Structure formats: structure tokens, C-alpha cells
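Student: Got a structure for you, written out below as C-alpha cells; questions coming shortly.
Number of protein chains: 2
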Amino acid sequence: MPTAEINVFNPVRIHFGNGIINMAGEIAKKYSGVALVVTGGESMQKTGALERLLKILKDSGIKTFVYDGITPNPTCDEIDEAAKMAREKGAGLVIGLGGGSPMDSAKATAVAAKGNVPVWEYLKNPAKDALPVITVASTSGSGSEVNRYSVMTNPKTCEKPGFGYECMYPKEAIIDPEITATMPPFVTASTGFDVFVHSLEASAGKAANVFSKAYSLQAFHLLKNNLEKAYNEPENLEARGKMALASAFAGLAINISGVGIIHGLEHPVSGNYPKVAHGAGLAALAAPSLKYNFETCKRNYMLIAKHMGVKRMDKPDDEYALAFIEKIGDMLKAVNLGLRLKDLGIEREKLPKIAKEAFTTMKFAMENNPVTVSEADALKILEASY
Amino acid sequence: MPTAEINVFNPVRIHFGNGIINMAGEIAKKYSGVALVVTGGESMQKTGALERLLKILKDSGIKTFVYDGITPNPTCDEIDEAAKMAREKGAGLVIGLGGGSPMDSAKATAVAAKGNVPVWEYLKNPAKDALPVITVASTSGSGSEVNRYSVMTNPKTCEKPGFGYECMYPKEAIIDPEITATMPPFVTASTGFDVFVHSLEASAGKAANVFSKAYSLQAFHLLKNNLEKAYNEPENLEARGKMALASAFAGLAINISGVGIIHGLEHPVSGNYPKVAHGAGLAALAAPSLKYNFETCKRNYMLIAKHMGVKRMDKPDDEYALAFIEKIGDMLKAVNLGLRLKDLGIEREKLPKIAKEAFTTMKFAMENNPVTVSEADALKILEASY
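Structure below.
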């Protein structure tokens, strides 16, 4: 592998620690005196995180406006609205507060605020410039806090593509376990499983390299035991901290090497069913996808199994690699994510449409999968996940 | 550990691959049409690397000047000369071609070229601005290609401090195994051992965190077997590539968490004896330093031993950790670095001066050591290394 060309770059300043959110004002001041905070309509209000952030910003003399219309699967319309607000209020900085959705949306807003076209246009025409972005992560999952990616859904077509140009890197990422400690159990579980799938797909995909592998292995180490612990002991700041760091490492890994079929298939699932949590969709798709990639990824599964503490005993290779898939199933059950697509309300007759869409909006993920996958294969995986 | 505050940042664009030096012109063009290449007086000429780089730059329309006065332990006078040349020729870019010395010097030159004071002044007065720097690594050791550090010697006082401000990060690092393949065996060995010590000290020091540990572990993986292989098979591009990447990972690790007593003691050794290669000094100091830190670092040694493939068998903890120190001794002997300070021409009566200087110019390294160390302790380690 080291003889293949590698190009890596990540200019995000990462700040991690209990109470580090108190630095948000000092950090934001470097960029602008007027900030637009992009967030959802519920949890950041309920937990008090939004109020806390606004006070910190105000105390540093920053004028703030809030766009709180981001939904769990953010639409391009919401982003266009937020961008309009940024322009109208003269914001020189966009702060994404929340989980993957508001952080992703903050980056897309920062791009759209600089231009005069709907944000969807930037899927075709690369953006060269964006307002500076700061991410304040409230979940440990998307990795969006430390990378350039943004995912949005077109409500007219149900397409849910990802995009990410260099100008979209957050300038700074604020990762505070205290903020993530307010996540309810289902969110802890579903976003935490996203961390696992990011690490898996970034370390196994065709584009994987020594950098994405180093990040992924550290993510597996941090995730091991701590997903369950954070789920069962929501206020355990050590477990929360390790999950928050695991999310960052996995986010750095996918920034380099992208994702594979589990993400490739999940995006059209939650694109068509916007109420489905991304992590729940991933959970339903995991085992059949892992099995589909089995022969090629066997050695990788064994390595991850070792790092995640799956005992080898005297198991031969195949058996040990299969034990890893079982372990993942057990981990999902332990956090109440032992789900199938039908449990998520997906209609069986939609599966062919989903399989098809995976190859359009998530083409790069499908192509990055370690094993070549056809539309017929994709449909079989979806059927097996149903 | 994850509850301690972490702040990480590294904006260097890393390009790795056989023949990737051919991209140097395209990369340099982004920054300036006039470049000063900073290099030594011998090896880059002999191997043809300098000529190759100059042709590539010329073919991209870049006007180049060469400062080739950098010695193995670069002095502040050399850097002031190079900076004067950069100013006089109107260079908008500094390219460091070679091992740690020219790459370090390129960064220091880039700082000094912007100001009007001798570079030594920047040890006291932080630099805010520097010319852009590109590193082209010809050795796999210093890690300088990917971090902000620069080391220079004051020929009047024999002090050899390191410094590194944010403006000193290289914009881009070009890491081409073809270029490193021309290293003679002694250089392969001594720079390669620097990679090991960087990884060790960055992962064990007081400032170590999950980021420096992730980088260090990947460096250990890449280094394992490949130091000897690159030493014995100089043209083995796979081994060269892995060592080059190991150097980069270790360089990223020290950028976050710094070094410890092995470096802290070595700098005054080669500061007082400028003909001593840094890696040879490190080799002489390694075992006594590892033993000094033994009780505190035992678990870390065991972890690294595992990653470097030292068989545990039924050994109890202490024995396994000691087997690691032996393994490092064996690795050094295998590349003809089984040296003591007296073999390097160090005079015994200089040891107290060296011990003293470690606490001035390398204070941060001595303080970062996992075990608190006094001047008397330092002298004992030097005696044991003699």
C-alpha cells in the first residue's frame, strides 16, 4: 500500500475537553463580530446548550443570530433559508451547534451565503469560497465536526447526497463531553454506531491508506466498551469523552478515505424516509453488508476484532472474522439497535428505488467499497436487511 | 486521559508517492514565481536530487536560487545568510530540500527573511509571519517535513535549541521514496532511529494524548522490520516508503506532544560536538534513558513491544518490558548503531556541561519526560551512556 500515492490535508483546529465550550467566544472572535448559529428546533433548546453558547458568545461581544430550522435530515430549502439569514444579518461566521445535521448544514450555509444561487447548485459547481465555520458537537457520531462533508436532502426528489469542498472545512471544532452528555440513549446509540461504520468503511475501502487506518484504529479503541457505557451511563463523562474523540477520529478517517456500501445504501433509505435516523438505517444494513464484503475484508475484520477485544481463542481465520460480525450484532442489541429495515417503516416495494439511487447520489461510496457491487447485489443486501 | 484538554492542529498538505517530486513545480507555483531552495553542500548534489528539483521548478516557470550552505547541525549564521539571500533575490517561497537540517533551516529562513533581526532573536520574540515553506524530504527521520519545528545551533555558545511557531508550518510536504532511496546506510540508520525515538517520546511524555498515540503507533507499525530492511536493501522502495511514512507519523506525533529526555540530552551532545549525527547521539542515550523511565513507562513499553512484534511468550510484565529494551538494542546493533557516547568522541569531562545545558535549551523536553528528572539524574544517564 505505501507505494500508492497519498495526499492528505486537514486544517481544522480541534479543541476537546470538559467545559471547553467556554472558549467558544474567544475562538469565534478571531473570525467575526457577527455570527449565525445554525441548529435544530428542539434538543439544543431543551438541554440548554443553545442558551449557554449564546451567552458565551455575547460575553465575548459577538452579535448572534439563530437559525433553528434544521431538521434531522436537513433539506436544501432549510439551508437556503439559513444562508439568506446569514446574508441579511451580515454574519461573518457560521456556527453549527448540534449533531451531524446542524454541523453539516452550517458548512453548506457558509457556502451558500457567499453565493447567490440555491445551495443545490453547488453539487455540480464546486464552491471556492465560504464563510468561516465553527462546529460545536452535541453528538458523537457524524464526524462532521472535523471534516469538510455536508449531507443534504432534496425534498422534491428525495435525493440525499454528500458534498465537501476545501472551503468547507470548519476553522475550529469545539468538542465538549459536557455537551454530549445530554444526548438521550437512542441518539447516543444511533450516532455512536455511525462512528463504528465510518471507521470500518474508511479503513477497508479502496481508498484506505495508512492515515485513515491509523485514525480508524484509534476510533475502534475508543469506541470499544464506551458505546455501551455511554448508552447505559449517560452522565459518565469519561465514556462520553472517549466517544466524542472516537467520533473525531472516525471523521478524520472518512475525510481521507470516504465510506462504502453501508453508507451508500443508507443515504437513499433516510433520503426516502426522512424520519429514519441515519444510525438506525446503518444498523439495519450492517450485517448483510459485512457479509457481502466478507472474503475481501476477512483480514481487516480480524484486525478490527483484535482491536475491539474479541477473543480469538483457537478460532481459525474464517470463524474469527465471523465472530467479529456477531460481536457487532451483539453490540447493536446491547444498545437496542437490533433493527431490520422493516422495523424502520421502510416499504419493501421501495427497495429497488433505494438500490438504484445508491448508484447516483452515493456513487463515490458504492465505488469505494472494497468489493465491486452491482445494482442487483445492492438489492440483495437490502432484501437481506429487511 | 480523554478528560484532559486537547488542542490539535496541523495544516500541512502531505503528498507521498514514488515520483511525487514531479509535482513540486505545480505545488510551488501556487505560492510564488521565485523560490529559494535551501539545502546542504553535498548529498543532494551527489544524488542528483537538487538538479532534478531545479529542473522540475524551472519547467513550471519558477525562478530559483539555491542556498547550499546548510551543515549537518545548522547554525544561526547559516540561516541568517540564507534569509539575506531570500530577501535580496525577492524569493516568495522557501523550499527545504534534504534531511532534517535543510528542512528545519528552510522554516527558520522563512521566518528570518520576513524580519530584519538575526534569527536567534526569534527564540525570545515569537514570529508572527514567515514566507511559505515547502519541504522535500530526502531522509526519513526528523519529521520536520510535516511539523513546525526547527533546530539550530549557536556556534558561539554551542546551544542547540528547537523552536516552532505557527507561521512555520510547511504549506506542503513532498515525501518521495525515490528521493530517500539514495540515503547511504549510516544516514538510513541514524535518521531512522530518530523516528523510533520521536514515536516513543511523543507517546510516553506528559503531554501525550490520543492523537500523538495514534500517530506513534502507526509509526511503530511502519518502522517494524523496515528500518533494517531499508538499511540492508537501500533500493527497496516499499521499505523506503514505509520508513518515509513512519517519519511523517512520528513528526505529526511530536508536533502534538513533544519529546523527552533522550532528545533533551542529545541536543547538547551534538550542540557541543557538531559532527555527531543526531541519530547516533540518540542511539547512545537510548537504553539508559529507557531504563530511567522504566517504572512509569513499563505499560507503554509493553504496548509498543506488542506493536513492534516482540513475542510475549509467558513473560511477566517486567520481563516483557525489559525484552522491549533489549529488542531496541538488537535493532540498533543490526544497523550498526550499537554505540556509546565515548565512541562518538564525546569527552567525559564535558558530561556535566551537557547535563546542565539540557535544562536550558531543551527545558521543555526535560519537563515533558514522563519521570521527573534532575540535573544529577541527567548526569547519571549520560555516565551510563558513556
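Protein chains in written order, with this note's numbering: chain A, 1 to 386; chain B, 1001 to 1386. For every residue, glycine included, the Cβ atom is placed at its ideal position computed from N, Cα and C. This one's a predicted model, so the numbers in the text were calculated from it and none came from an experiment.
Using a Cβ-Cβ cutoff of 8 Å, what residues of the segment 1004-1023 of chain B are near chain A? List them in chain order.
Tutor: Residues passing the 8 Å Cβ filter: A1004, E1005, I1006, N1007, V1008, F1009, N1010, P1011, V1012, R1013, I1014, H1015, F1016, G1017, N1018 and I1020.
Student: Starting from A:A28, find everything on chain B with Cβ-Cβ shorter than 8 Å and list it in chain order.
Tutor: As a working note, residue 28 of chain A is residue 28 in the first sequence. Per Cβ cutoff of 8 Å: no residues; A:A28 is ~16 Å from chain B at best.
Student: Can you find the residues in the same chain that come closer than 6 Å, C-beta to C-beta, to B:T1182, ignoring five residues on each side of it along the sequence?
Tutor: If you number the second sequence from 1, residue 1182 of chain B lands on position 182. Contacts found: T1047.
Student: I need the DSSP call for A:V310, collapsed to helix, strand or coil.
Tutor: Within the first sequence, residue 310 of chain A is the residue found at index 310, counting from 1. Secondary structure of A:V310 (DSSP, three-state): coil.
Student: With DSSP as the reference, identify every bridge partner of A:S150, one or two as the case may be.
Tutor: As a working mapping, residue 150 of chain A is identified with position 150 in the first sequence. Beta-bridge pairing links A:S150 to A:F163.
Student: Closest Cβ-Cβ distance between B:V1335 and chain A: below 7 Å?
Tutor: By one-based count along the second sequence, residue 1335 of chain B stands at place 335. So no, B:V1335 is outside the interface.
Student: Identify, in the order they occur along the chain, each residue of the same chain with its Cβ nearer than 6 Å to the Cβ of B:P1185, setting aside the five sequence neighbours on each side.
Tutor: As a working mapping, residue 1185 of chain B is identified with position 185 in the second sequence. So the list reads Y1231, once near-sequence residues are dropped.
Student: Would a check of beta-carbon distances place A:L245 closer than 7 Å to chain B?
Tutor: Walking along the first sequence from the start, residue 245 of chain A turns up at place 245. At a cut-off of 7 Å, the C-beta of A:L245 has a neighbouring C-beta in chain B.
Student: A:Y215 touches chain E at which residues, Cβ-Cβ below 8 Å?
Tutor: No chain E is present in this structure, whose protein chains are A and B.
Student: With a cut-off of 8 Å on the beta carbons, I'd call B:D1377 and B:Y1301 a contact; round off their distance for me.
Tutor: Indexing the second sequence from 1 puts residue 1377 of chain B at position 377. Indexing the second sequence from 1 puts residue 1301 of chain B at position 301. Actually they do not touch by this definition, with Cβ atoms about 19 Å apart.
Student: For a cutoff of 7 Å on Cβ pairs, would you count B:I1381 as touching chain A?
Tutor: For the purposes of this step, residue 1381 of chain B is taken as the residue at position 381 of the second sequence. No - not a single Cβ of chain A is within 7 Å of the one on B:I1381.
Student: Helix, strand or coil for A:Y215, going by three-state DSSP, please let me know.
Tutor: The residue you call residue 215 of chain A lines up with position 215 of the first sequence. Helix.
Student: Can you give the beta carbon distance from A:V310 to A:A323, rounded, assuming they're within the 8 Å contact cut?
Tutor: Sequence index remark: in the first sequence, residue 310 of chain A carries index 310 (1-based). Sequence index remark: in the first sequence, residue 323 of chain A carries index 323 (1-based). 6 Å between Cβ atoms; contact.
Student: Sort A:I261, A:N236 and A:V37 by Cα distance to A:F359 and report the nearest one.
Tutor: Position 359 of the first sequence, counted from the start, is the residue given in the question as residue 359 of chain A. Ranking A:I261, A:N236 and A:V37 by Cα distance to A:F359 puts A:I261 first.
Student: Beta-carbon separation of B:I1095 and B:I1134 under 7 Å?
Tutor: Counting from one through the second sequence, the residue named residue 1095 of chain B turns up at place 95. Counting from one through the second sequence, the residue named residue 1134 of chain B turns up at place 134. Their beta carbons are under 7 Å apart, which means B:I1095 touches B:I1134 by this criterion.
Student: Taking only runs of the beta strand (DSSP E) that begin and end inside the segment 77-163 of chain A, which ones reach a length of at least 3 residues, in chain order?
Tutor: 93-98 and 133-137
Student: In terms of residues, what are the limits of the alpha helix (DSSP H) holding B:F1394?
Tutor: What is shown of chain B runs 1001 to 1386, which leaves residue 1394 of chain B out entirely.
Student: Drop a sphere of 10 angstroms on the beta-carbon of B:A1287, count the other beta-carbons inside from all chains shown, and report buried for 16 or more, exposed for fewer.
Tutor: The sequence position of residue 1287 of chain B within the second sequence is 287, counting from 1. With 16 or more Cβ atoms within 10 Å of its Cβ, B:A1287 is classed as buried.
Student: Can you look up B:D1377 in the DSSP assignment and give me helix, strand or coil?
Tutor: Position 377 of the second sequence, counted from the first residue, corresponds to residue 1377 of chain B. In the structure shown, B:D1377 sits in a helix (DSSP, three-state: H, G or I).
Student: Using CA atoms only, rank isn't needed, just tell me which of B:F1294, B:H1198, B:L1093 and B:E1238 is closest to B:T1064.
Tutor: As a working note, residue 1064 of chain B is residue 64 in the second sequence. Nearest C-alpha to B:T1064: B:L1093.
Student: Strictly under 7 Å for the Cβ-Cβ distance: is B:Q1388 near chain A by that measure?
Tutor: A query on residue 1388 of chain B cannot be resolved here, the shown segment of chain B reaching from 1001 to 1386 and no further.
Student: Taking C-beta pairs closer than 9 Å, name the residues in chain A that B:F1249 reaches, listed in chain order.
Tutor: The count along the second sequence starts at 1 and reaches residue 1249 of chain B at position 249. Per Cβ cutoff of 9 Å: V210, F211 and A214.
Student: Just to confirm, are A:G329 and A:S257 a CB contact at a threshold of 7 Å?
Tutor: Stepping through the first sequence from its first residue, residue 329 of chain A is reached at position 329. Stepping through the first sequence from its first residue, residue 257 of chain A is reached at position 257. No, Cβ-Cβ distance for A:G329 and A:S257 is not below 7 Å.
Student: State whether the segment 1066-1085 of chain B contacts the segment 1035-1044 of chain B, with contact taken as three or more CB pairs (one from each stretch) at a distance under 8 Å.
Tutor: yes
Student: Can you give me the Cβ contacts of B:G1281 inside the same chain, cut-off strictly under 7 Å, excluding the 5 residues immediately before and after it?
Tutor: Counting from one through the second sequence, the residue named residue 1281 of chain B turns up at place 281. For B:G1281, where only same-chain residues beyond five positions count, the Cβ hits under 7 Å are E1266, V1269, S1270 and L1344.
Student: So who's on the other strand from B:T1064, going by DSSP bridges?
Tutor: What you label residue 1064 of chain B is simply residue 64 of the second sequence in a count that begins at 1. For B:T1064, which the question treats as bridged, DSSP gives the partners B:A1035.
Student: Leaving out five residues on either side along the sequence, give the residues of the same chain with a beta carbon under 8 Å from the beta carbon of B:P1002.
Tutor: On the second sequence, residue 1002 of chain B is found 2 positions in, with the first residue counted as 1. Any answer about B:P1002 is weak, because its pLDDT of 46 lies below 50 and its placement is not dependable; what the coordinates show is given next. These residues qualify, in order along the chain: V1210.
Student: Around the C-beta of B:N1368, are 16 or more other C-beta atoms found within 10 angstroms, so that it is buried, or is it exposed?
Tutor: Translated into the one-based positions of the second sequence, residue 1368 of chain B becomes position 368. Buried, since its Cβ has 16 or more Cβ neighbours within 10 Å.
Student: Would you report the Cα separation of A:I6 and B:H1015, rounded to the nearest angstrom?
Tutor: For this step, residue 6 of chain A is matched to residue 6 along the first sequence. For this step, residue 1015 of chain B is matched to residue 15 along the second sequence. So the two alpha carbons sit approximately 6 Å from each other.
Student: Which class does A:I175 belong to by DSSP, given the choice of helix, strand or coil?
Tutor: By 1-based counting over the first sequence, the position of residue 175 of chain A is 175. Strand, per DSSP.
Student: Just reading off the beta strand (DSSP E) that A:V12 is part of, what are its end residues?
Tutor: What you label residue 12 of chain A is simply residue 12 of the first sequence in a count that begins at 1. Where A:V12 is concerned, the enclosing beta strand (DSSP E) stretches over I6 to F16.
Student: According to DSSP, what are the bridge partners of A:G40?
Tutor: Taking the first residue of the first sequence as 1, we reach residue 40 of chain A at position 40. In the DSSP output, where bridge partners are listed per residue, A:G40 has A:I70.
Student: Identify which residue in B:V1146, B:P1011 and B:N1236 has its Cα closest to the Cα of B:V1195.
Tutor: Within the second sequence, residue 1195 of chain B is the residue found at index 195, counting from 1. When each option's Cα is compared against that of B:V1195, the closest is B:V1146.
Student: Measuring alpha carbon to alpha carbon, tell me which of A:E295, A:E347 and A:A284 ends up nearest A:G338.
Tutor: For this step, residue 338 of chain A is matched to residue 338 along the first sequence. It is A:A284 whose Cα lies nearest to the Cα of A:G338.
Student: Suppose contacts are defined by Cβ-Cβ distances below 7 Å. Is A:V151 in contact with A:G162 by that definition?
Tutor: In the first sequence, the residue the question calls residue 151 of chain A occupies position 151. In the first sequence, the residue the question calls residue 162 of chain A occupies position 162. Yes. Within cutoff.
Student: Would you call B:G1098 buried or exposed, if buried means 16 or more other Cβ atoms sit within 10 Å of its Cβ?
Tutor: Along the second sequence, read from residue 1 onward, the residue named residue 1098 of chain B stands at position 98. Answer is buried; the Cβ neighbour count reaches 16.
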